[in-house]
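Protein chains in written order, with numbering that gives the first Met the number 0: chain V, 0 to 320; chain W, 0 to 320.
Number of protein chains: 2
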Amino acid sequence: MAVYTDVSAEELAVFLGAYDLGGLLSFKGIAEGVENSNFLIETERGRFILTLYEKRVRGDDLPFFLGLMGHLADRGINCPLPVKAHDGKALRSLCGRPAAIVTFLEGVSYRRPTPTQCAALGDVLARLHEAGKGFHLSRENALSVAGWRPLVEKAGTDADRVAPGLGQAVARELADLEGHWPRNLPAGVIHADLFPNNTLFVGDTLSGVIDFYFACNDALAYDLAICLNAWCFEADFSFNLTKGRAMIEAYRAKRPLNGAEIAALPILCRGAALRFLLTRLVDWLNVPPGALVRPLDPLEYWKKLRFHQNVEDASAYGLVA
Amino acid sequence: MAVYTDVSAEELAVFLGAYDLGGLLSFKGIAEGVENSNFLIETERGRFILTLYEKRVRGDDLPFFLGLMGHLADRGINCPLPVKAHDGKALRSLCGRPAAIVTFLEGVSYRRPTPTQCAALGDVLARLHEAGKGFHLSRENALSVAGWRPLVEKAGTDADRVAPGLGQAVARELADLEGHWPRNLPAGVIHADLFPNNTLFVGDTLSGVIDFYFACNDALAYDLAICLNAWCFEADFSFNLTKGRAMIEAYRAKRPLNGAEIAALPILCRGAALRFLLTRLVDWLNVPPGALVRPLDPLEYWKKLRFHQNVEDASAYGLVA
């Protein structure tokens, strides 16, 4: 949530010379995105987002992310469309960092989405999964079940500094998920981080899906599980069945869930909760002293995890049999 | 250069209900301004800047700043125009902070302005001084000569930690300026912080003057001295006479300088250099450990000060006799 690289108007004007975007009318560093530097720029051709990719994004992954956005935008998903320069390339370099320009999307991100907005999310998620078919690149999910044990080891015994008993709870859940994680569900390209702050709405219309920098190939229903975690709990961590039903039913209207996916939904939700619990835990334990950015609370996802551990089947999320 | 207060779309939508601005289409926290939280918002009526005033701006001063922007905008200065709510008030409250919406201005800030851009600055500065006449509020300059001794005392013996000899150089300069500071120059409303990053350009056209949060009443020529310091030195701290001449002559074309102002220009430039040297020095000595924002280098202004100490008269800045 900061601008890490300072770009001058003079440098940006030179950079824009490689594009067919006309003269520069304004640019502002914006507080957005996961550890990248983002600028809202306006040229004679309209508004765009310029991103400079900082250390946390691997350069090798950028063709996947940018190519995916182009693939999805071409298939009717409202996502940022990478802008190609005169030489046909969307991925360039600015101030020593990989950099790309994408189209600007209107809309605002809600903190507390309504059931109507949860339905809009279910609809776009299913359409995104369908539209992802045929994308020619693939990217392994580094934060799926095989990636969780290294995070548990990184947190180590410090987990109990965050909350007594957390270390043991995480270790036990991980062992159980490793033993029972579903392996043969329908798979494809997933967003993998489709939280409310990565969607834009104008009123109740979902006007944009953004921030594809965790996108990867994995079970499609796991993406739905991530969204159920991110969108359907209230501030007191009770699960809102109305929101869950709205999301799942809108999803199924565009992409039916098969029996294996429905049966797996509770364990996928547990996995999704553990995944965000673990990355938040590691971030929490590694805050530099004096940092301005407060990390997200890992315990929110422990509470969500405990809800999923007591779920018997997908009806608990609102799925209509 | 950060967003200090997190505003949700839900809170902003409620806030906008007090205005006649239509529905909210987008908003982004922007990395801009001196320790305030700024958002670029777009509504059905256009684009605006929303500012939440954080601790460093005194609430009592806000009617002066907002009133001044309205006064200047009404008189043809391209500056942000505070937007009044249904009840006629521009100063409101959001997330527990004083807050105001002003119009958005196009343009970008250059780091290294050209002589043509320096002339554009001189022109708008003189017009701003003329337009400020008749503004019904006034505000003392807390950072004029009487405000410098407290800063010297705050830095204390630590100044030499930044550079050997700095403490003594600052003390000697302050004593000299206190003894010889000109008292009867034409005075009025000054911007007092009109650095290149507080101006917007579209090409060579100065499209906006922003950030009035140091504006106050003081000698008009002191404002010109601040701009000569901020605009006319090269990266190696040599003074660019071409830029100085362009700025001064464009200024004089709109507001003639009298003999006392011309004679005082060297000492006003020394004062302006000491003022920014001192505030940067105090900030430099008080950086919290681990802070993300690197303070501006006070030594730049020591170098500029030494240039001014060797100036014999205003011709050294390019003034044509």
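Note that the Cβ used here is the ideal one computed from N, Cα and C, for glycine as well.
As the structure is a computational prediction, the values presented were derived from the model and not from experiment.
With a 10 Å radius around the Cβ and a threshold of 16 neighbouring Cβ atoms, residue 95 of chain V comes out exposed.
Comparing alpha-carbon positions, the option among V:127, V:135, V:171 lying closest to residue 190 of chain V turns out to be V:127.
Our two residues, residue 123 of chain W and residue 250 of chain W, have alpha carbons roughly 8 Å apart in a direct line. Relative to residue 66 of chain V, the option among V:100, V:134, V:111 whose CA is nearest is V:134.
Considered as a whole, the stretch 93-164 of chain W harbours 114-130, 147-154, 158-161 as its complete alpha helix (DSSP H) runs of no fewer than 4 residues, in chain order. Rounded to whole angstroms, the separation of the alpha carbons of residue 255 of chain W and residue 26 of chain W is 43 Å. When the Cα atoms are used, residue 118 of chain V and residue 227 of chain V turn out to be separated by approximately 11 Å.
At a cut-off of 3 residues, the continuous stretches assigned as beta strand (DSSP E) that sit fully inside the stretch 175-224 of chain V are 186-189, 198-201, 204-208, 215-218. Comparing alpha-carbon positions, the option among W:19, W:47, W:79 lying closest to residue 86 of chain W turns out to be W:19. Taking a beta-carbon distance threshold of 8 Å, residue 53 of chain W does not count as an interface residue toward chain V. Contact between residue 240 of chain V and residue 318 of chain V is ruled out by a C-beta separation of about 10 Å, above the 8 Å threshold. For the pair of segments examined, the stretch 38-47 of chain W was found not to touch the stretch 206-223 of chain V: the number of CB pairs separated by less than 8 Å stays below three.
For the stretch 25-42 of chain W, the set of residues with a beta-carbon nearer than 8 Å to any beta-carbon of chain V comprises 25, 26, 27, 28, 29, 30, 31, 39, 41, in chain order.
Assignment of residue 53 of chain V by DSSP, reduced to helix, strand and coil, places it in the coil class. In the three-state scheme derived from DSSP, where H, G and I count as helix and E and B as strand, residue 285 of chain W is classed as coil. Among the CB atoms of chain W, one or more fall inside 8 Å of the CB of residue 23 of chain V.
Residue 9 of chain W has a beta carbon lying within less than 8 Å of a beta carbon in chain V.
The distance from the Cβ of residue 201 of chain V to that of residue 106 of chain V is about 5 Å, consistent with a contact at the 8 Å cut-off.
Using a 10 angstroms sphere on the CB of residue 6 of chain V, the tally of other CB atoms reaches 16 or more, which defines it as buried.
Interface annotation for the stretch 89-105 of chain W against chain V: 103, 104, 105, criterion Cβ-Cβ distance under 9 Å.
Note that the C-beta distance between residue 84 of chain V and residue 50 of chain V is not below 8 Å. The beta-bridge partner set that DSSP reports for residue 21 of chain W is empty.
Beta bridge pairing from DSSP links residue 47 of chain W with W:40, W:102. Per DSSP, the continuous alpha helix (DSSP H) segment holding residue 69 of chain V begins and ends at 61-73.
Beta-bridge pairing by DSSP links residue 91 of chain W to W:98.
Put simply, the CB of residue 237 of chain W is far from chain V, with every gap to its CB atoms at 8 Å or more. By a beta-carbon distance limit of 8 Å, residue 304 of chain V does not contact residue 161 of chain V. Their separation comes to about 14 Å.
Residue 11 of chain V: member of the alpha helix (DSSP H) spanning 8-15, first to last residue. Judged by DSSP in its simplified three-state form, residue 242 of chain V adopts helix. Straight-line measurement puts the Cα of residue 89 of chain W at about 19 Å from the Cα of residue 213 of chain W.
When the Cα atoms are used, residue 114 of chain W and residue 9 of chain V turn out to be separated by approximately 15 Å. Residue 215 of chain V is positioned such that its CB atom lies no closer than 8 Å to that of residue 148 of chain V. Sorting W:170, W:91, W:109, W:110 by C-alpha distance to the C-alpha of residue 101 of chain W places W:91 at the top. When W:28, W:210, W:270, W:198 are compared, the shortest CA-CA separation from residue 64 of chain W is found for W:210. Per DSSP, reduced to three states, the secondary structure at residue 27 of chain W is strand. Setting aside the 5 residues that flank it on each side, residue 76 of chain W is surrounded in the same chain by 127, 130, each with a C-beta closer than 6 Å to its C-beta; the list follows chain order.
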